[in-house]
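In the order they appear, the protein sequences are chains A and B. Residue numbering for the first sequence follows the working numbering, starting at 32 and increasing by one per position. Residue numbering for the second sequence follows the working numbering, starting at 32 and increasing by one per position.
2 protein chains.
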Amino acid sequence: MSLLVVGSLALDTIETPFGKEEYTLGGSATFITTAASYFTDNIRLVGVVGYDFPKKEIDFLRSKKIDISGLEISKDEKTFHWHGKYDFDLNTRETITTDLNAFEHFNPVISEKFKNSDYVCLGNIHPGLQKKVIEQIDKPKLIMIDTMNFWIDGTPDELKETLTLVDLIVINDSEARDLSKEFNLVSAAKKIMELGPRIIIIKKGEHGALLFTENTIFSAPAFPLEQVFDPTGAGDTFAGGFMGWISKTENLSDDNLKLAVIYGSTMASLAVEKFSLDGIRDLDKKTIMNRFDEFIKLTHFETVSI
Amino acid sequence: MSLLVVGSLALDTIETPFGKEEYTLGGSATFITTAASYFTDNIRLVGVVGYDFPKKEIDFLRSKKIDISGLEISKDEKTFHWHGKYDFDLNTRETITTDLNAFEHFNPVISEKFKNSDYVCLGNIHPGLQKKVIEQIDKPKLIMIDTMNFWIDGTPDELKETLTLVDLIVINDSEARDLSKEFNLVSAAKKIMELGPRIIIIKKGEHGALLFTENTIFSAPAFPLEQVFDPTGAGDTFAGGFMGWISKTENLSDDNLKLAVIYGSTMASLAVEKFSLDGIRDLDKKTIMNRFDEFIKLTHFETVSI
Numbered sequence: 032m033s034l035l036v037v038g039s040l041a042l043d044t045i046e047t048p049f050g051k052e053e054y055t056l057g058g059s060a061t062f063i064t065t066a067a068s069y070f071t072d073n074i075r076l077v078g079v080v081g082y083d084f085p086k087k088e089i090d091f092l093r094s095k096k097i098d099i100s101g102l103e104i105s106k107d108e109k110t111f112h113w114h115g116k117y118d119f120d121l122n123t124r125e126t127i128t129t130d131l132n133a134f135e136h137f138n139p140v141i142s143e144k145f146k147n148s149d150y151v152c153l154g155n156i157h158p159g160l161q162k163k164v165i166e167q168i169d170k171p172k173l174i175m176i177d178t179m180n181f182w183i184d185g186t187p188d189e190l191k192e193t194l195t196l197v198d199l200i201v202i203n204d205s206e207a208r209d210l211s212k213e214f215n216l217v218s219a220a221k222k223i224m225e226l227g228p229r230i231i232i233i234k235k236g237e238h239g240a241l242l243f244t245e246n247t248i249f250s251a252p253a254f255p256l257e258q259v260f261d262p263t264g265a266g267d268t269f270a271g272g273f274m275g276w277i278s279k280t281e282n283l284s285d286d287n288l289k290l291a292v293i294y295g296s297t298m299a300s301l302a303v304e305k306f307s308l309d310g311i312r313d314l315d316k317k318t319i320m321n322r323f324d325e326f327i328k329l330t331h332f333e334t335v336s337i
Numbered sequence: 032m033s034l035l036v037v038g039s040l041a042l043d044t045i046e047t048p049f050g051k052e053e054y055t056l057g058g059s060a061t062f063i064t065t066a067a068s069y070f071t072d073n074i075r076l077v078g079v080v081g082y083d084f085p086k087k088e089i090d091f092l093r094s095k096k097i098d099i100s101g102l103e104i105s106k107d108e109k110t111f112h113w114h115g116k117y118d119f120d121l122n123t124r125e126t127i128t129t130d131l132n133a134f135e136h137f138n139p140v141i142s143e144k145f146k147n148s149d150y151v152c153l154g155n156i157h158p159g160l161q162k163k164v165i166e167q168i169d170k171p172k173l174i175m176i177d178t179m180n181f182w183i184d185g186t187p188d189e190l191k192e193t194l195t196l197v198d199l200i201v202i203n204d205s206e207a208r209d210l211s212k213e214f215n216l217v218s219a220a221k222k223i224m225e226l227g228p229r230i231i232i233i234k235k236g237e238h239g240a241l242l243f244t245e246n247t248i249f250s251a252p253a254f255p256l257e258q259v260f261d262p263t264g265a266g267d268t269f270a271g272g273f274m275g276w277i278s279k280t281e282n283l284s285d286d287n288l289k290l291a292v293i294y295g296s297t298m299a300s301l302a303v304e305k306f307s308l309d310g311i312r313d314l315d316k317k318t319i320m321n322r323f324d325e326f327i328k329l330t331h332f333e334t335v336s337i
């Protein structure tokens, strides 16, 4: 079924202990749509890029069968550029520069043909814009949003208004603590649920992710990789794998949400093995299913009683 | 089969945000044997306490069918006393006092009837003492040790000698990084395996535990509790549940080691819900299996391909 993705497209400069790449394709909507494209063909992208956005990357998005009719190309401004540098352990990063460029005035308008989207995935943008998108969609089956400390602390009222309209929020552990004012993550999830979303996913980086619904808590590990190359986009890739699986299966049961978390984790683990988007640019089903099978081995145990 | 446990017995004073208890039963051997007692009846304890050790706690250990003929009671000295205070988030703790007392001169001698022990679990004591115990046992089937930064940094050569003699080491993530000089935990486990143990368990506190064998990596979550009351002894309780299950089943396959990790995690999650040893003093099989079943729900997912 149809999946609408709204978020940033960027050209990133990334420095990790393993090297540096300049003006490489990035942005939340890029990672989300690319990851989701391995699960469903009906993906609609809404975003903005500048006049410098490479033609080959437009072709790349098309090659993933992503509908880019909602992609605005600014004639006056450059593409959003983010320059980040990771610490030796890849756990902390410093932003060197953020040039919003065309993204500064991003004002997502949903075209008539996108208004009937079944599933909606809103990358980490201003909560007011997220709300504006949501109000343009006819009865979607599931709305997921991402957010960050910048909005939690900077625009708390607008974020809380948006939260009343969404089904699912994906945030990391420090953001969950910040938003809920609870240190314990189970308590944090409960508090956030009271704000609106009935499904909460808390990402814990190298420690995996927790899924909370009314009746379920599910814990998925991150894949224990010996070499993480570049964590950029891991969270968005997770969201894309998750929403791709949900759009493909159209099943919102707790059991299928768990499976979506595993597919999200599978895609994220493949993403961080290479620079930027390279880890998920050109995958086949066999590679994805091999990693999925590794997740089974990593987590499953026999049930034998004492 | 028989499980030999060597470690400390203590009277702890513990302060958490939820209260304070003074001179309550603690020590690694106490938590290990108590946790293991729910899986097997053939447990042998070697340790030392002082003349002030309460008679009722001797009776408690006996009530768990633990063979305490190897428990020395000093006539001249008091019992090891540790006083610790936890921070508001329970993730960091400060040691207020450590009175080693009788434990200072602990010199474990293994009696003739304990020398044939099948499984050996050595709590966090001087690696030289651990080695001395190992040399007294006839062909055990599995030797597990715990250790800590104090020995990793303070007696590295003796620890490395001991590591060549053991099958399994249980350490936490910061200790694994310290011992291996590797930040990545997969790399750390590989390095530690080269030092001797063929099985490595890395505990990650609220993030669970990782099991590494030659052919397997297994990730077990910690149980997502809303209220952790007192983390004291969680690691030892994990070790006790693990070794209790191994002693009961006598199966060292990767699949059974995974199950042992889950039973260890099950016991640890019950331990931290109450003060000190109270969480595991008086359990029944039903309570343990209910928590075990929660671990299944927490981790299992259906296998459906893309």
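All C-beta atoms, glycine included, are put in the ideal place defined by N, C-alpha and C. Treat the numbers as computed from the prediction; the structure is a model and nothing was measured.
Item	Value
Burial state of lysine 144 of chain A (16 or more Cβ within 10 Å)	exposed
Neighbour flag for glutamate 46 of chain A against chain B, beta carbons, 8 Å	no
C-alpha gap between aspartate 184 of chain B and leucine 92 of chain B, whole angstroms	34 Å
Residue closest to isoleucine 200 of chain A, alpha-carbon to alpha-carbon, out of A:Ile231, A:Asn282, A:Arg208 and A:Thr268	A:Ile231
C-beta neighbour in chain B for lysine 316 of chain A, strict 8 Å	yes
Where the stretch 265-285 of chain A meets chain B: residues whose CB sits under 9 Å from a CB there	Gly275, Trp276, Lys279 and Thr280
Under 8 Å between C-beta atoms of serine 300 of chain A and leucine 256 of chain A	yes
is_contact[serine 205 of chain B, chain A] using C-beta, thresh 8 Å	no
Interface residues of the stretch 68-81 of chain A facing chain B [CB-CB below 9 Å]	Tyr69 and Phe70
Short CB-CB distance (under 8 Å) between glutamate 333 of chain B and chain A	yes
Under the three-state DSSP convention, the category threonine 129 of chain B falls into	strand
Exposed unless 16 or more other CB atoms sit within 10 angstroms - verdict on glutamate 206 of chain A	buried
For phenylalanine 323 of chain B and isoleucine 277 of chain B, believed in contact at Cβ under 8 Å, the rounded distance	With 8 Å as the limit, isoleucine 277 of chain B and phenylalanine 323 of chain B do not qualify as a contact, their Cβ atoms being about 16 Å apart.
Contact check, leucine 34 of chain A vs arginine 75 of chain A, beta carbons under 8 Å	yes
Opposing strand residues paired with tyrosine 117 of chain B [DSSP bridges]	B:Arg124
Identified DSSP bridge partners for methionine 175 of chain A	A:Cys152 and A:Leu199
8 Å CB neighbourhood of leucine 283 of chain A in its chain, flanking five on each side removed	Lys172, Leu173 and Ile277
Contact list for isoleucine 63 of chain B against chain A, beta-carbon separation under 8 Å	Going along chain A, no residue has its Cβ under 8 Å from isoleucine 63 of chain B, so there is no contact; the nearest lies around 17 Å.
C-beta neighbour in chain B for proline 262 of chain A, strict 8 Å	no
Serine 296 of chain A in three-state terms, based on DSSP	helix
Buried or exposed (CB count within 10 angstroms, at least 16 for buried), asparagine 122 of chain A	exposed
Closest Cα partner of proline 262 of chain A within the set A:Gly115, A:Val79 and A:Lys106	A:Gly115
Sufficient close CB pairs (3 or more, under 8 Å) joining the stretch 93-106 of chain A to the stretch 131-145 of chain A	yes
Min CB distance serine 100 of chain A to chain B below 8 Å	no
Contact with chain A by isoleucine 104 of chain B, beta-carbon distance below 8 Å	no
Per-residue burial, histidine 238 of chain A [other beta carbons within 10 Å of its own, 16 or more giving buried]	buried
Cβ-Cβ distance between tyrosine 117 of chain A and threonine 61 of chain A below 8 Å	no
Tyrosine 150 of chain B classed as buried or exposed, judged by whether at least 16 other C-beta atoms fall within 10 angstroms	buried
Nearest candidate by alpha-carbon position, reference tryptophan 182 of chain A, set A:Arg229, A:Ile156 and A:Lys289	A:Ile156
Length at least 3, wholly inside the stretch 64-93 of chain B: the beta strand (DSSP E) runs in chain order	74-80
Inter-residue CB distance, glycine 264 of chain B and glycine 57 of chain B (contact presumed, cutoff 8 Å)	6 Å
Alpha-carbon to alpha-carbon, isoleucine 63 of chain A and arginine 124 of chain A	21 Å
Any chain B beta carbon closer than 8 Å to aspartate 169 of chain A	no
Under 7 Å by beta carbon: chain B residues contacting threonine 330 of chain A	Ser250 and Thr330
Residues in the stretch 207-222 of chain A having any Cβ partner in chain B nearer than 7 Å	Phe214, Asn215, Leu216, Val217 and Ser218
N-terminal and C-terminal residue of the beta strand (DSSP E) that phenylalanine 323 of chain B is part of	Taken as a continuous stretch (DSSP letters only), phenylalanine 323 of chain B belongs to no beta strand (DSSP E), being part of the alpha helix (DSSP H) at 316-330.
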